[in-house]
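**Q** Chains as they are written, first to last, in this note's numbering: chain R, 1 to 288; chain E, 289 to 662; chain U, 663 to 847.
For glycine and all other residues, C-beta sits at the position ideal for the given N, C-alpha and C.
Just so you know, these numbers come straight off a predicted model, no measurement behind them.
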Amino acid sequence: MDKTRENRFMKYLRKDRLPNIFCAGCGNGIIMNTFFNGMEMAEIDFENIVLVSGIGCSSRIPGYVKCDSLHTTHGRPISFATGIKLANPELDVVVFTGDGDAAAIGGNHLIHGARRNIDLTVICINNSIYGMTGGQISPTSPKGSYGSTAPYGALENPFNLSELVKAAGATYVARWTTAHPVQLSNTIKKALLNKGFSFVEAVSQCPTYFGRKNRMKSPIEMMHRMKEESVLKRKADQLTESELEGKLVVGEFQNKTAPEFSDKICRLLEDKCVTGKPSSLKSAYQED
Amino acid sequence: MKAEKYFIQGNEACARGALKAGCRFFAGYPITPSTEIAEDMAVFLPREGGSFIQMEDEISALGAVIGAVWTGLKAMTATSGPGFSLMQEHIGYAAMTETPLVIVNMQRGSPSTGQPTMASQSDMMQSRWGSHGDYEIIALSPSSVQECFDFTAEAFNLAEKYRVPVMVMGDEIVGHMREKIIIPDKVEILPRQMPKEGPETFLPYQAPPEGTSAMPAFGDGYKMHITGLTHDERGYPDASNPQTHSELVNRLCDKILKKTAEIARIQEESTADADVIALSYGAPSRSALKAVRNARNQDIKAGFIKLDTVWPFPEELVRETTKNAGKVVVVEMNLGQIFYEVQRVLPEVKVELLPKIGGEMQSPQEILEKIKSI
Amino acid sequence: MRKDIRIAGFGGQGIILAGIVIGKAAALHDDMFAVQTQSYGPEARGGASKTEVVISDEEIDYPKIENPDILVAMSHEALMAYLDDLKDGGILIIDPDMIPEEDVLPFVKEHNIKLYKAPATRTADEKIGLKIVANIVMIGAITRITKVVSEDSARKAVAESVPPGTEDKNLAAFEAGAALADGGV
Numbered sequence: 001m002d003k004t005r006e007n008r009f010m011k012y013l014r015k016d017r018l019p020n021i022f023c024a025g026c027g028n029g030i031i032m033n034t035f036f037n038g039m040e041m042a043e044i045d046f047e048n049i050v051l052v053s054g055i056g057c058s059s060r061i062p063g064y065v066k067c068d069s070l071h072t073t074h075g076r077p078i079s080f081a082t083g084i085k086l087a088n089p090e091l092d093v094v095v096f097t098g099d100g101d102a103a104a105i106g107g108n109h110l111i112h113g114a115r116r117n118i119d120l121t122v123i124c125i126n127n128s129i130y131g132m133t134g135g136q137i138s139p140t141s142p143k144g145s146y147g148s149t150a151p152y153g154a155l156e157n158p159f160n161l162s163e164l165v166k167a168a169g170a171t172y173v174a175r176w177t178t179a180h181p182v183q184l185s186n187t188i189k190k191a192l193l194n195k196g197f198s199f200v201e202a203v204s205q206c207p208t209y210f211g212r213k214n215r216m217k218s219p220i221e222m223m224h225r226m227k228e229e230s231v232l233k234r235k236a237d238q239l240t241e242s243e244l245e246g247k248l249v250v251g252e253f254q255n256k257t258a259p260e261f262s263d264k265i266c267r268l269l270e271d272k273c274v275t276g277k278p279s280s281l282k283s284a285y286q287e288d
Numbered sequence: 289m290k291a292e293k294y295f296i297q298g299n300e301a302c303a304r305g306a307l308k309a310g311c312r313f314f315a316g317y318p319i320t321p322s323t324e325i326a327e328d329m330a331v332f333l334p335r336e337g338g339s340f341i342q343m344e345d346e347i348s349a350l351g352a353v354i355g356a357v358w359t360g361l362k363a364m365t366a367t368s369g370p371g372f373s374l375m376q377e378h379i380g381y382a383a384m385t386e387t388p389l390v391i392v393n394m395q396r397g398s399p400s401t402g403q404p405t406m407a408s409q410s411d412m413m414q415s416r417w418g419s420h421g422d423y424e425i426i427a428l429s430p431s432s433v434q435e436c437f438d439f440t441a442e443a444f445n446l447a448e449k450y451r452v453p454v455m456v457m458g459d460e461i462v463g464h465m466r467e468k469i470i471i472p473d474k475v476e477i478l479p480r481q482m483p484k485e486g487p488e489t490f491l492p493y494q495a496p497p498e499g500t501s502a503m504p505a506f507g508d509g510y511k512m513h514i515t516g517l518t519h520d521e522r523g524y525p526d527a528s529n530p531q532t533h534s535e536l537v538n539r540l541c542d543k544i545l546k547k548t549a550e551i552a553r554i555q556e557e558s559t560a561d562a563d564v565i566a567l568s569y570g571a572p573s574r575s576a577l578k579a580v581r582n583a584r585n586q587d588i589k590a591g592f593i594k595l596d597t598v599w600p601f602p603e604e605l606v607r608e609t610t611k612n613a614g615k616v617v618v619v620e621m622n623l624g625q626i627f628y629e630v631q632r633v634l635p636e637v638k639v640e641l642l643p644k645i646g647g648e649m650q651s652p653q654e655i656l657e658k659i660k661s662i
Numbered sequence: 663m664r665k666d667i668r669i670a671g672f673g674g675q676g677i678i679l680a681g682i683v684i685g686k687a688a689a690l691h692d693d694m695f696a697v698q699t700q701s702y703g704p705e706a707r708g709g710a711s712k713t714e715v716v717i718s719d720e721e722i723d724y725p726k727i728e729n730p731d732i733l734v735a736m737s738h739e740a741l742m743a744y745l746d747d748l749k750d751g752g753i754l755i756i757d758p759d760m761i762p763e764e765d766v767l768p769f770v771k772e773h774n775i776k777l778y779k780a781p782a783t784r785t786a787d788e789k790i791g792l793k794i795v796a797n798i799v800m801i802g803a804i805t806r807i808t809k810v811v812s813e814d815s816a817r818k819a820v821a822e823s824v825p826p827g828t829e830d831k832n833l834a835a836f837e838a839g840a841a842l843a844d845g846g847v
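1) Could you tell me whether any Cβ in chain R is nearer than 9 Å to the Cβ of W358/E?
2) Closer than 8 Å: is that where the CB of G135/R sits relative to any heavy atom of the ligand NAP?
3) For G27/R, which residues from the same chain have a beta carbon less than 6 Å from its beta carbon, with the 5 sequence-adjacent residues on both sides left out?
4) Strictly under 9 Å for the Cβ-Cβ distance: is E728/U near chain E by that measure?
5) DSSP beta-bridge partners for R60/R?
6) Once DSSP output is grouped into helix, strand and coil, what is the label at A740/U?
7) Which same chain residues, not among the five before or five after T440/E, have their C-beta less than 6 Å away from its C-beta?
8) Do you know how far the Cα of S718/U is from the Cα of S419/E?
9) Threshold first: 3 residues or longer. Then list the beta strand (DSSP E) segments lying entirely within the region 533-615 of chain E, N to C.
10) Would you grab the beta carbon distance between S823/U and L679/U for me? Rounded to a whole angstrom, and I think it's under 8 Å.
11) Below 7 Å between beta carbons is the criterion; list the residues of the region 672-689 of chain U that meet it against any residue of chain E, in chain order.
12) What are the residues of the region 719-744 of chain U that lie near chain E, defined by any Cβ-Cβ distance shorter than 9 Å?
13) How would you call Q698/U, buried or exposed, if buried means at least 16 neighbouring beta carbons within 10 angstroms?
14) Roughly how many angstroms lie between the CA atoms of L248/R and S230/R, to the nearest whole one?
15) Chain E partners of T613/U, CB-CB under 9 Å?
16) Since H519/E sits in a beta bridge, which residues does DSSP pair it with?
17) Let me check understanding here. Comparing Cα to Cα, which of T187/R, C266/R, L268/R lies closest to E252/R?
18) I want to know whether the region 147-157 of chain R touches the region 239-247 of chain R - three or more CB-CB distances under 8 Å.
19) Does F295/E come within less than 9 Å of chain U when only Cβ atoms are used?
20) Thinking C-alpha only, which one of N108/R, V250/R, K66/R is nearest D16/R?
21) Using the Cβ count rule (16 or more neighbours within 10 Å means buried), how would you classify D765/U?
22) Ordered along the chain, which non-local residues of its own chain (more than five positions away) have a Cβ less than 7 Å from that of G846/U?
23) Label L232/R either buried or exposed according to how many other C-beta atoms from any shown protein chain fall within 10 Å of its C-beta, with 16 as the threshold for buried.
24) Candidates G107/R, I21/R, I49/R, K143/R: which alpha carbon is nearest Y12/R's?
25) Is N255/R helix, strand or coil by DSSP?
26) Could you tell me whether the region 328-346 of chain E touches the region 266-284 of chain R, using the rule of 3 or more Cβ pairs below 8 Å?
27) Mind checking which residues open and close the alpha helix (DSSP H) that includes E228/R?
28) If you drop the 5 nearest sequence neighbours on each side, which residues of the same chain put their C-beta closer than 6 Å to that of S79/R?
29) Does any residue of chain U have a CB that is nearer than 9 Å to the CB of P602/E?
30) Check E714/U in the structure and name its three-state DSSP category.
31) Could you give the first and the last residue of the continuous alpha helix (DSSP H) run that contains P190/R?
32) Could you compute how far the alpha carbon of G98/R sits from the alpha carbon of S58/R?
33) Examine chain E for any beta-carbon lying closer than 9 Å to the beta-carbon of P139/R, and answer yes or no.
34) Who are the near neighbours of S20/R in its chain, counting only those whose CB is closer than 6 Å to its CB and skipping five residues on each side?
35) Select from the region 335-348 of chain E all residues with a C-beta closer than 9 Å to any C-beta belonging to chain R, and list them in chain order.
36) Just to confirm, are Y493/E and E386/E a CB contact at a threshold of 9 Å?
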């Protein structure tokens, strides 16, 4: 490949792990690009980033990024990230997760992370389906949509993830789609800079399963559809429930400041510590 | 805390042992009969500059512990039966990723919710293989408040040395019992090892066939990828490669099983000339010891073995100390778990089980009768 | 020499703390060995509560109690549950306001039991003005009657086991309890 035409974010990747396992047309690539873009805009030091993920296609992203990364169990990355952040509050801890990972098996950890307002940036790639296991419906699959476990259409109501996480106490919540890469980059920048629990819902396409099972022929068509269905949050707030039927509300759902959890712990340690050393950073390597 | 005498519960002793051993992170979830460990850590950890967090369940508690360990802390959690069941997912993850950590399980009557305020030893097999897959862990079994302190402190060093989850398998009796203990000013601490190599050449999972590698922390510049997938020496997923999987999982087991001689410990009394030996661990071992002493007073040649280490099973030590005895009575608060392990390693010996469930341990009288009747 | 003590009553009477104090007195101040265990139901208040203390001049193997040398009953229910286990020739201490004496007399006679009555709850109320120190009153009585721990050690253990600022009231309760023993059977 011509070096001069190499993607400018290639320097952040583990080149020895490429090519990646993502299908052609998957939204993960766009989201990785917007993540690096947002990180650079936020002027976050790449060396200081730890990526944590659960299980699923989106959770494979950290494995391709050349930073410390913890690929954990299904649904639980926020709990691992909580331990990382408390053990070293200086680190920028980012969680990559998906709709199945964060909203189904990990739903409890998601709302408790938000409730604590711990300084994590959670990027939830919501493609409304389980890709890795072959196209089963998820808690965000639209009612009536098809999946291999909903051959007659999904009967359940989907979660509105951004509203859920906002209600649980997150201090920054926004939703954009892979068809809004500029907005998504900006949102990731804000999420990284927010001192508190930040939730970025990146609505994405899974052409291989969601597209195929729901008669959308190509990733391009899926992205067009996402763009068409999108209504800005500000505008959506003026619309009735029936007017919003079939629409995808995008924009910021929450952007406020509130005391952050790891900060509160640091202050507690400063207050209660009797050893004169209110931090145990890297203490596992010490002899006493 | 100076070297002092205390009259405290086993649970409190676990917490103090952990703190002395350098534990600076605890994540847990309230559950009887182990809650006092979490409560003590909530009080004492901040005083030592460490963090305590009450998580939303036991799954996330162990997840947070693993995250903290990879970020350079020594960390633990504590639980009982139902919580131990929930933790199995992350015990497997810790075994696969070779994350050193300590779990205290104060066992209660089970299955399911069972008997929250009563004792049992019915999680012993679960402690070995409760998570899916082939793996090995280390499990210690304290029988006194002093051992709760000593074994928990030791568990941290074993965890570091073998890069493995170490379980302190107590029970409601030792967890809630109060006894005098001596807490030394300092205990031996085995620090975690940073690699000698720099980030350019270090491979986080390059290890000898029966060993482990050094372990840097997140933020040290090593840019590790840690995954529960089958991984190669670089830590990269290589899940469809039979050879990678076989080498990795064999090593995870061999680094413990083939080091049994240096890990496992037992205590014994009067075994040399014994015809019949009472073998036990944890709280009922004290009953067994009393029974053996009573038997000796009645001129019965009885001996006593207590397993300090239950996993890896101290095969050679048990064979050695029972070689002159024709009969062994296994005393445990369950319907037979370690019993089958003893039978396996002593095929020539008459091994019988004296089980007990319901929440109380075997009385010395019950054990003495079994010693006489076997 | 091993002494097995069982104290039983209902939740809220401070039964378990009584066991802890006696255990502390023996283990930390008399330089003996002691083990304290307890059992309780899910109720924080009102349910059955029991504590056992083993005190010995040598290391204690079996930490539980089958047949106590000393039984202290602070409720009728506790008495009924545990009286039969008391060793022949053992010591029985009851709170006579909780337990009618005639309920125990046949057993006492038959098994040569030394019976003591210590109205701990009434004494706590009337002498100290605080019903909740009934357990400390009982510790005073147990200490003077049975001499399982020295009185100085028991006082130290009381003082270090009660909430800061309440030491004087509790030590007064201890003395009032000890004085009950001087009254005899």
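**A** In short:
1) Within the second sequence, numbered from 1, the residue matching residue 358/E stands at position 70. So yes, W358/E belongs to the interface.
2) This structure simply doesn't include the ligand NAP, nor any ligand for that matter.
3) Walking along the first sequence from the start, residue 27/R turns up at place 27. Excluding residues within five positions, the ones whose Cβ falls inside 6 Å are T178, S204, Q205.
4) Taking the third sequence and counting its residues from 1, the one referred to as residue 728/U is at position 66. Closer than 9 Å: yes.
5) The residue you call residue 60/R lines up with position 60 of the first sequence. In DSSP, R60/R forms no bridge with anything.
6) Counting from 1 along the third sequence, the entry for residue 740/U is found at position 78. Of the three classes helix, strand and coil, the one that applies to A740/U here is helix, per DSSP.
7) Position 152 of the second sequence, counting from 1, holds the residue named residue 440/E. C302, G305, A306, V456, listed in sequence order.
8) Numbered from its first residue, the second sequence carries residue 419/E at position 131. Numbered from its first residue, the third sequence carries residue 718/U at position 56. Going by the C-alpha atoms only, they are around 43 Å apart.
9) 554-557, 564-568, 590-595, 597-599
10) The residue labelled residue 823/U in the question sits at position 161 within the third sequence. The residue labelled residue 679/U in the question sits at position 17 within the third sequence. Going by Cβ atoms, the distance from S823/U to L679/U rounds to 7 Å, so yes, they are a contact pair.
11) I682, G685, K686, A689
12) I722, D723, Y724, P725, K726, E728
13) By 1-based counting over the third sequence, the position of residue 698/U is 36. Under this definition Q698/U is a buried residue.
14) As a working note, residue 248/R is residue 248 in the first sequence. As a working note, residue 230/R is residue 230 in the first sequence. For L248/R and S230/R, the distance between alpha carbons rounds to 5 Å.
15) No answer is possible for residue 613/U: it lies beyond the span of chain U, which begins at 663 and ends at 847.
16) As a working note, residue 519/E is residue 231 in the second sequence. H519/E pairs with P525/E.
17) Translated into positions along the first sequence, residue 252/R becomes position 252. Among T187/R, C266/R, L268/R, the Cα nearest to that of E252/R belongs to T187/R.
18) no
19) Working through the second sequence from its first residue, we reach residue 295/E at position 7. Taking 9 Å as the CB threshold, F295/E lines the interface with chain U.
20) Counted from its first residue, the first sequence places residue 16/R at position 16. For D16/R, the nearest C-alpha among the options comes from K66/R.
21) Taking the third sequence and counting its residues from 1, the one referred to as residue 765/U is at position 103. Counting Cβ neighbours within 10 Å, D765/U comes out exposed, since fewer than 16 surround it.
22) Position 184 of the third sequence, counted from the start, is the residue given in the question as residue 846/U. In this prediction, G846/U has a pLDDT of 48, which is less than 50 and means its spatial position is unreliable; what the coordinates show is noted afterwards. Excluding positions up to five away in sequence, the list is empty.
23) The sequence position of residue 232/R within the first sequence is 232, counting from 1. Result: exposed.
24) Numbered from its first residue, the first sequence carries residue 12/R at position 12. Here the closest residue by C-alpha is I49/R.
25) Here residue 255/R corresponds to residue number 255 of the first sequence, with the count starting at 1. Strand.
26) yes
27) Position 228 of the first sequence, counting from 1, holds the residue named residue 228/R. Counting along the chain, the alpha helix (DSSP H) containing E228/R begins and ends at 219-229.
28) On the first sequence, residue 79/R is found 79 positions in, with the first residue counted as 1. Excluding positions up to five away in sequence, the list reads H109.
29) Looking up residue 602/E in the second sequence gives position 314. Not one chain U Cβ lies under 9 Å of P602/E.
30) Along the third sequence, one-based indexing puts residue 714/U at 52. In the three-state reduction of the DSSP assignment, E714/U falls in the strand class.
31) Locating residue 190/R in the first sequence gives position 190, where the first residue counts as 1. A small correction: the amino acid at residue 190/R is Lys; Pro does not occupy that position in the sequence shown. Run containing K190/R: 181-193, per the alpha helix (DSSP H) assignment.
32) Mapped onto the first sequence, residue 98/R falls at position 98. Mapped onto the first sequence, residue 58/R falls at position 58. Rounded to whole angstroms, G98/R to S58/R spans 6 Å at the Cα level.
33) Walking along the first sequence from the start, residue 139/R turns up at place 139. By this cut-off, P139/R is not an interface position.
34) Here the question's residue 20/R lines up with position 20 in the first sequence. Per the sequence shown, the amino acid found at residue 20/R is Asn instead of Ser. Excluding residues within five positions, the ones whose Cβ falls inside 6 Å are Y64.
35) R335, E336, G337, G338, S339, F340, I341, M343, E344, D345, I347, S348
36) Along the second sequence, one-based indexing puts residue 493/E at 205. Along the second sequence, one-based indexing puts residue 386/E at 98. For Y493/E and E386/E, yes; Cβs fall inside 9 Å.
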